[in-house]
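Structure first, commentary second.
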Amino acid sequence: MPRAVDGTKHKDRRKKILELAKGYYGRRSTNNRVAKDAIAKAGQYAYRGRKERKRDFRKLWIARISAAVQEEGLNYSQFMHGIKLANIEINRKALSNMAIEDKATFTALVSQVKGVLAK
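Quick note on my numbering: the sequence shown kicks off at 13 and runs consecutively.
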């Protein structure tokens, strides 16, 4: 029985790989063997990037909170410690948005934290 070289499954597999590699530079977008490696590497970068994005956003939120709290005369670590002592459960993303969009509420929160730290 002859070996099937141009079967549907074979074509579909190559087509899927080249479809994913569309827009890549040079042979990476047209040659199946090179495109396969490029897609594997891109997948590794994408996986790593999804983890890094979480870290980067947390860093951004912390920087924003720190800047807003320093205007009120505290530093970030004191503020976060005061929030824990005051039993206020609010995440850094929400705190960051509050510091940007709702200054009055954030200032009230900082004064509440200062009161708890003073005790």
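Beta carbons are placed, not taken as given, at the ideal position from N, Cα and C, and that holds for glycine.
Three CB pairs or more closer than 8 Å across the stretch 68-86 and the stretch 102-120: Contact between the stretch 68-86 and the stretch 102-120 is present, because at least three Cβ pairs lie under 8 Å.
Rounded straight-line distance, which links the Cα of G38 to that of V17: Along the sequence shown, one-based indexing puts residue 17 at 5. Along the sequence shown, one-based indexing puts residue 38 at 26. Roughly 25 Å between the two C-alpha positions.
Cutoff 6 Å; reference K48; Cβ partners in own chain excluding five residues on either side: As a working mapping, residue 48 is identified with position 36 in the sequence shown. If we look at K48 and ignore the five residues flanking it on each side, its Cβ neighbours are I29.
Which of the three DSSP states, helix, strand or coil, is assigned to L86? Taking the first residue of the sequence shown as position 1, residue 86 is located at position 74. Residue state, collapsed to three classes: coil.
Between L32, N103, K23, which has its C-alpha nearest W73's C-alpha? Against the sequence shown, residue 73 aligns to sequence position 61. Selection L32, N103, K23 evaluated against W73 yields N103 as nearest (Cα-Cα).
How many whole angstroms separate the CB atoms of A50 and A33, which I take to be in contact at a CB cut-off of 8 Å? Here residue 50 refers to the residue found at position 38 of the sequence shown. Here residue 33 refers to the residue found at position 21 of the sequence shown. 6 Å between Cβ atoms; contact.
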